[in-house]
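Written out below as structure tokens is the structure these notes cover.
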Amino acid sequence: MPIHSFLEYISLEKKYSPHTAKAYQDDISSFQLFCDTHFDSDDLTTIHYSQIRSWIVSLVDAGISNRSINRKVSSLKAFYKFLLKSKQISESPLMKHKALKVGKRVQVPFSGTEINDVILGLSDESDFKSLRNRLIVEMFYSTGMRRSELINLEIVDIDLTKETVKVLGKRNKERFIPLLKSVQETLQRYLVLRSDHYAENKYLFVTEKGKKIYGTLVYRIINGYFSTVSSKVKKSPHVIRHSFATHLLNEGADLNSVKELLGHSSLASTQVYINSSLKELKQVYNQAHPRSAKNENL
Numbered sequence: 021m022p023i024h025s026f027l028e029y030i031s032l033e034k035k036y037s038p039h040t041a042k043a044y045q046d047d048i049s050s051f052q053l054f055c056d057t058h059f060d061s062d063d064l065t066t067i068h069y070s071q072i073r074s075w076i077v078s079l080v081d082a083g084i085s086n087r088s089i090n091r092k093v094s095s096l097k098a099f100y101k102f103l104l105k106s107k108q109i110s111e112s113p114l115m116k117h118k119a120l121k122v123g124k125r126v127q128v129p130f131s132g133t134e135i136n137d138v139i140l141g142l143s144d145e146s147d148f149k150s151l152r153n154r155l156i157v158e159m160f161y162s163t164g165m166r167r168s169e170l171i172n173l174e175i176v177d178i179d180l181t182k183e184t185v186k187v188l189g190k191r192n193k194e195r196f197i198p199l200l201k202s203v204q205e206t207l208q209r210y211l212v213l214r215s216d217h218y219a220e221n222k223y224l225f226v227t228e229k230g231k232k233i234y235g236t237l238v239y240r241i242i243n244g245y246f247s248t249v250s251s252k253v254k255k256s257p258h259v260i261r262h263s264f265a266t267h268l269l270n271e272g273a274d275l276n277s278v279k280e281l282l283g284h285s286s287l288a289s290t291q292v293y294i295n296s297s298l299k300e301l302k303q304v305y306n307q308a309h310p311r312s313a314k315n316e317n318l
């Protein structure tokens with residue numbers, strides 16, 4: 021089956037995560053079901069663009085956002101690119117497709133004050149839950165790692181001698197991120213307490229029952245802390261990642277260094293964070309440039 025072969029290809033050769041592979045499978049299977057229902061055919065190698073367009077129209081009519089539709093079509097495009105590469109088709113039916121227009125999403129990072137208020141307000145108690153939650157917040161902001169990366173951290177990934185953490189990013193790409201002294205201190209306290217109760221689990225962050233921590237719990241922890249200091253609509257681990265990058269750029273870090281810390285494959289992915297720094301850059305520019313209004317009379 022073409023879909024099965026495609027899923028093997030992106031999992032084994034492209035090294036996509038199981039979560040990503042499942043998303044591709046769901047999108048392609050959804051389209052296949054649509055074709056079977058509306059065109060009495062589930063053979064995706066014989067599909068024409070008119071049928072794909074009908075599917076897109078049905079998604080729009082169902083109230084699916086343009087952004088989500090584009091993601092689904094992107095899955096389909098990758099599938100047909102694979103069929104083309106493996107010579108199962110001679111031409112992709114999506115060759116001339118243009119993505120639906122979407123509005124730009126403005127990702128507003130936390131301010132330095134909001135971050136500091138959360139960190140200063142973190143419980144300094146030495147019970148397992150308090151230490152774990154404190155470490156999660158500190159780890160996110162000091163490393164900029166993704167939520168999935170934090171969840172999958174193993175104890176062996178921590179090297180206190182070299183003061184680094186090894187992170188396994190997208191497509192199993194490894195990177196090493198320095199650990200701040202303050203994070204190391206929290207980490208050491210956490211590891212001592214963790215070893216007393218949950219030594220058998222290889223993952224760094226575990227629940228109070230000793231199981232591997234999961235995504236919704238991590239989100240609730242972050243959302244809970246930042247809801248006390250921020251009125252922003254979105255308060256998630258990704259916003260901390262965004263804040264990490266923005267604050268580094270504001271303080272003069274070069275784009276390539278931030279790219280490596282974030283685990284991006286290209287500078288284009290990192291450049292989106294520059295927009296968040298424009299206000300601060302303008303302030304520096306106006307204060308420093310000899311021809312600025314501030315300095316023109318000097």
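Here my numbering is used: the first residue of the sequence shown is 21, the next is one more, and so on.
In this text, a Cβ means the ideal position worked out from N, Cα and C, and glycines have one as well.
These figures come from a predicted structure and were not determined experimentally.
Per DSSP, the unbroken beta strand (DSSP E) holding F196 starts and ends at E194 to P198. Here the alpha carbon of D144 sits roughly 11 Å from the alpha carbon of Y210.
From the listed residues F225, L104 and I84, the smallest Cα separation to V122 is found for I84. Runs of the beta strand (DSSP E) lying entirely within the segment 125-167 and spanning at least 3 residues: none are present.
In the DSSP assignment, L188 is bridged to E194. Between the alpha carbons of L96 and I89 lies a gap of roughly 11 Å.
The C-alpha of V157 lies about 11 Å from the C-alpha of G244. Put simply, of D216, T66, K92 and F264 the residue whose alpha carbon is nearest the alpha carbon of L103 is T66.
At the C-beta level, K116 and E174 stay beyond 7 Å of one another. The three-state reading of DSSP puts Y293 in coil, since its state is none of H, G, I, E or B. Ranked by Cα distance from L170, the options L64, L180, D179 and V185 are led by V185.
Annotation: K118 to V80 spans about 15 Å, alpha carbon to alpha carbon.
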